[in-house]
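Colleague:
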Amino acid sequence: MRGSREKPIAEEGAEVSYRSLAFPGVLARMRSVPKPVVLDLGPALGSNLHALEHLGPRIYIADILSMADEELPLERAHAKSTGKQFWRWLFRNRPHERLDVILAWDLLNYLTLDEIRILIEDLQPHVVPGTLLFAVIAQGKEIPRTPPPYAIRSGSILVPQGQSPGQAPAPRYREPELRRALPGFVVDASYLLRSGLQEYLFAYRPEEEAPASEALEPASAGD
Amino acid sequence: MWKRPEDEENEPQQSTPAPFNAEKTPRPEPTRRGVATIGPSISITGELSGEEDLIIDGRIEGKVNLEKQNVTVGKAGRVKADIVAKNIQVEGQVEGNLLGEEGVVIHQSGKVKGNIVAPRVSLENGSKFKGAIDMEPRTSSGPRAAPGPKTPESEAKSPQKGTPSASPDAQAKGSIPPSDAAASGRK
Numbered sequence: 205m206r207g208s209r210e211k212p213i214a215e216e217g218a219e220v221s222y223r224s225l226a227f228p229g230v231l232a233r234m235r236s237v238p239k240p241v242v243l244d245l246g247p248a249l250g251s252n253l254h255a256l257e258h259l260g261p262r263i264y265i266a267d268i269l270s271m272a273d274e275e276l277p278l279e280r281a282h283a284k285s286t287g288k289q290f291w292r293w294l295f296r297n298r299p300h301e302r303l304d305v306i307l308a309w310d311l312l313n314y315l316t317l318d319e320i321r322i323l324i325e326d327l328q329p330h331v332v333p334g335t336l337l338f339a340v341i342a343q344g345k346e347i348p349r350t351p352p353p354y355a356i357r358s359g360s361i362l363v364p365q366g367q368s369p370g371q372a373p374a375p376r377y378r379e380p381e382l383r384r385a386l387p388g389f390v391v392d393a394s395y396l397l398r399s400g401l402q403e404y405l406f407a408y409r410p411e412e413e414a415p416a417s418e419a420l421e422p423a424s425a426g427d
Numbered sequence: 040m041w042k043r044p045e046d047e048e049n050e051p052q053q054s055t056p057a058p059f060n061a062e063k064t065p066r067p068e069p070t071r072r073g074v075a076t077i078g079p080s081i082s083i084t085g086e087l088s089g090e091e092d093l094i095i096d097g098r099i100e101g102k103v104n105l106e107k108q109n110v111t112v113g114k115a116g117r118v119k120a121d122i123v124a125k126n127i128q129v130e131g132q133v134e135g136n137l138l139g140e141e142g143v144v145i146h147q148s149g150k151v152k153g154n155i156v157a158p159r160v161s162l163e164n165g166s167k168f169k170g171a172i173d174m175e176p177r178t179s180s181g182p183r184a185a186p187g188p189k190t191p192e193s194e195a196k197s198p199q200k201g202t203p204s205a206s207p208d209a210q211a212k213g214s215i216p217p218s219d220a221a222a223s224g225r226k
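Line order of the protein sequences matches chains A and B. To get this note's numbering, take the position in the first sequence, counting from 1, and add 204. To get this note's numbering, take the position in the second sequence, counting from 1, and add 39.
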């Protein structure tokens, strides 16, 4: 399940980029609809707007970890109600908005499985059959202490931005755990990269969801 | 939602609408004539309209409607209002929708919570934004409708929205160096 410790390809000096295998699926989905609707759970990056501009999308930028910092000063246990309030605000002009794509980048590594489940439950009104969720799950032992924003370069080239001040243990979520935390989503594609990153493209297809018993694999433990 | 710096909390607040102040700030003078500035000590509640470009370094709550003009929210500017203008630049903080006839730029120091509708949207690195950005393909230009509530009927999507997703076509879009993918990639 785990890749080797080979570093991602380096480009443009200090920038470290890698060729995503799952992200082209996101782009294909966006091309397949006249006005793609995208929810970016990460922070706003001008370069990403520029990269997706030609597809004429409507992009919702949630910046959820910033939301946690600024709007959830209490314990994360309060995330559910406050989170719902945030989503109501975000979609206030289009309460029936339906998402084509959710860009989670590597943010799921920074949430507990319960938090992931709550997040997806809160987004349920905006998820429809076919909604894609793009996620990068670290399978190595450590992740940057703060999540690096991901910049899109040249279609399938992704560049994690910035230098984190340190490392933190990676939760190393396994597929069954993620499927439990993402009710209604099935794995449309999954690629383990040599860098230790596992890219997932989940698709919301509740009718194909595996029975819960299949997803009851014990939680993974770090090495 | 944006955290206010502590020193702002201690600033004397003007509770009543203040008269419009056209005095210019020391910032680089705009090349265009007819630029009004709302200074840092000015607080306005209500709707602003006019035919001059506007620099906001004070506080505004309400609505800014300068469809044919340029609006800049300076670093000290705190706006809780929808802004309609030809071009909008944000260096300070805005909570409200931004409708830029030509474009919207959020600079590094800018924080915006709201929706943006403009043919061109630029977010500088370090800027903070939460909300929706409605973009058109680059080939399209011209004014667009302001963001607003929609009825469920108008929100009904085309049939293909509800269909299962297209499968990823990574291979079709370009070659993938085998070095990037371990053997377990699956579909």
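Cβ atoms here follow ideal geometry from the backbone N, Cα and C, with glycine treated the same way.
Can you name the residues of chain B whose CB is closer than 8 Å to the CB of ASP326(A)?
Modeller: Within 8 Å Cβ-Cβ: nothing; ASP326(A) doesn't reach chain B, min ~15 Å.
Colleague: Compare the C-beta of GLY170(B) with all C-beta atoms of chain A and state if any pair is closer than 8 Å.
Modeller: Yes - at least one Cβ of chain A is within 8 Å of the one on GLY170(B).
Colleague: Step through the CB atoms of chain A and report whether any lies within less than 8 Å of the CB of GLY97(B).
Modeller: For GLY97(B), the answer is no, since every Cβ of chain A falls outside 8 Å of its Cβ.
Colleague: Taking all protein chains shown into account, decide if LYS107(B) is buried (16 or more other Cβ within 10 angstroms of its Cβ) or exposed.
Modeller: Burial call: exposed.
Colleague: Within 10 Å of its beta-carbon, does GLY426(A) have 16 or more other beta-carbons around it, so buried, or fewer, so exposed?
Modeller: With a pLDDT of 35 at GLY426(A), under the threshold of 50, the modelled position of this residue cannot be trusted; read the value that follows with caution. Exposed.
Colleague: Just to check my reading of the structure: VAL160(B) and GLY142(B) have Cβ atoms closer than 8 Å, yes? What is that Cβ distance to the nearest angstrom?
Modeller: With 8 Å as the limit, VAL160(B) and GLY142(B) qualify as a contact, their Cβ atoms being about 7 Å apart.
Colleague: Return the chain-ordered list of same chain residues with a C-beta closer than 6 Å to the C-beta of PRO351(A), the five sequence neighbours on each side being excluded.
Modeller: Contacts found: ASP310, LEU311, TYR314.
Colleague: From GLU90(B) to THR76(B), what does the alpha carbon distance come to, in whole angstroms?
Modeller: So the alpha carbons of these two residues sit roughly 13 Å apart.
Colleague: With burial defined as no fewer than 16 other Cβ atoms inside 10 Å of the residue's Cβ, what is the status of PRO373(A): buried or exposed?
Modeller: It is exposed - the Cβ of PRO373(A) has fewer than 16 other Cβ atoms within 10 Å.
Colleague: How about ASN164(B): is its C-beta nearer than 8 Å to some C-beta of chain A?
Modeller: Closer than 8 Å to some Cβ of chain A, the Cβ of ASN164(B) qualifies, so yes.
Colleague: Fully enclosed by the stretch 239 to 319 of chain A, which alpha helix (DSSP H) runs are 4 residues long or longer?
Modeller: Segments of the alpha helix (DSSP H) lying fully in the stretch 239 to 319 of chain A: 250 to 256, 268 to 275, 283 to 294.
Colleague: Distance check for ILE341(A) and ILE347(A), CA to CA, integer angstroms please.
Modeller: Going by the C-alpha atoms only, they are around 10 Å apart.
Colleague: Rounded to whole angstroms, what's the CA-CA distance from ILE127(B) to ALA355(A)? Just pull it up for me.
Modeller: Approximately 24 Å between the Cα atoms of the pair.
Colleague: Excluding the five sequence neighbours on either side, which residues of its own chain have a C-beta within less than 7 Å of the C-beta of PRO375(A), listed in chain order?
Modeller: Once the five neighbours on either side are set aside, the close Cβ partners of PRO375(A) are ASN313.
Colleague: Within 10 angstroms of its Cβ, does ALA407(A) collect 16 or more other Cβ (buried), or is it exposed?
Modeller: It is buried - the Cβ of ALA407(A) has at least 16 other Cβ atoms within 10 Å.
Colleague: Is there at least one Cβ from chain A nearer than 8 Å to VAL160(B)'s Cβ?
Modeller: Yes, because at least one Cβ of chain A sits closer than 8 Å to the Cβ of VAL160(B).
Colleague: I'd like to know if ILE356(A) contacts chain B, where contact means its C-beta is closer than 8 Å to some C-beta of that chain.
Modeller: Not closer than 8 Å to any Cβ of chain B, the Cβ of ILE356(A) fails to qualify, so no.
Colleague: Taking just the CA atoms, how far does VAL144(B) sit from GLU163(B)?
Modeller: Cα to Cα, GLU163(B) sits roughly 8 Å from VAL144(B).
Colleague: For ARG98(B), list the residues DSSP reports as bridge partners.
Modeller: ARG98(B) pairs with SER82(B), ARG117(B).
Colleague: Using a Cβ cut-off of 8 Å, which residues of the stretch 365 to 380 of chain A contact any Cβ in chain B, in chain order?
Modeller: From the stretch 365 to 380 of chain A, no residue has a Cβ closer than 8 Å to chain B.
Colleague: When you check each C-beta in the stretch 147 to 158 of chain B against every C-beta of chain A, which residues fall closer than 7 Å?
Modeller: Flagged, chain order: ASN154.
Colleague: Within 10 Å of its beta-carbon, does HIS146(B) have 16 or more other beta-carbons around it, so buried, or fewer, so exposed?
Modeller: Its Cβ being crowded by 16 or more others within 10 Å, HIS146(B) is buried.
Colleague: Which value, in whole angstroms, describes the spacing of the CA atoms of ALA157(B) and PRO380(A)?
Modeller: Their backbone Cα atoms lie some 42 Å apart in a straight line.
Colleague: Which residue comes first and which comes last in the alpha helix (DSSP H) that contains LEU231(A)?
Modeller: Where LEU231(A) is concerned, the enclosing alpha helix (DSSP H) stretches over 227 to 235.
Colleague: Is the beta carbon of LEU386(A) less than 8 Å from the beta carbon of ILE320(A)?
Modeller: Result yes, Cβ atoms of LEU386(A) and ILE320(A) sit closer than 8 Å.
Colleague: Does the Cβ of SER88(B) have 16 or more other Cβ atoms within 10 Å, making it buried, or fewer, making it exposed?
Modeller: By the 10 Å Cβ count, SER88(B) comes out exposed.
Colleague: Against chain B, does GLY250(A) count as a neighbour if the rule is that its beta carbon must be under 8 Å from one of theirs?
Modeller: With 8 Å as the cut-off, GLY250(A) counts as an interface residue toward chain B.
Colleague: I need the boundaries of the beta strand (DSSP E) containing PRO333(A), first residue and last residue.
Modeller: Note, PRO333(A): beta strand (DSSP E), 331 to 342.
Colleague: Closer than 8 Å, CB to CB, is VAL220(A) near chain B or not?
Modeller: Chain B, which has no Cβ nearer than 8 Å to the Cβ of VAL220(A), makes this no.
Colleague: Taking C-beta to C-beta, are LEU401(A) and ILE306(A) nearer than 8 Å?
Modeller: The answer is no: Cβ separation not under 8 Å.
Colleague: Taking 8 Å as the threshold (beta carbon to beta carbon), is ALA266(A) in contact with chain B?
Modeller: True, the Cβ-Cβ gap to chain B drops below 8 Å.
Colleague: Would you mind sorting ASP304(A) into buried or exposed? The rule is 16 or more other CB atoms within 10 Å of its CB.
Modeller: That one is buried.
Colleague: Could you tell me how far apart the beta carbons of GLY170(B) and ILE155(B) are, in whole angstroms, since I believe they sit closer than 8 Å?
Modeller: Between ILE155(B) and GLY170(B) the Cβ distance is about 7 Å, and since that is below 8 Å, they are a contact.
Colleague: Express the C-alpha separation of ALA308(A) and LEU362(A) in angstroms, rounding to a whole number.
Modeller: Between LEU362(A) and ALA308(A), the C-alpha separation is close to 13 Å.
Colleague: Which of helix, strand or coil does DSSP assign to GLU140(B)?
Modeller: Note: GLU140(B) maps to strand in three-state DSSP.
Colleague: Where does GLU411(A) fall in DSSP's three states?
Modeller: Looking at GLU411(A) - three-state DSSP - the assignment turns out to be helix.
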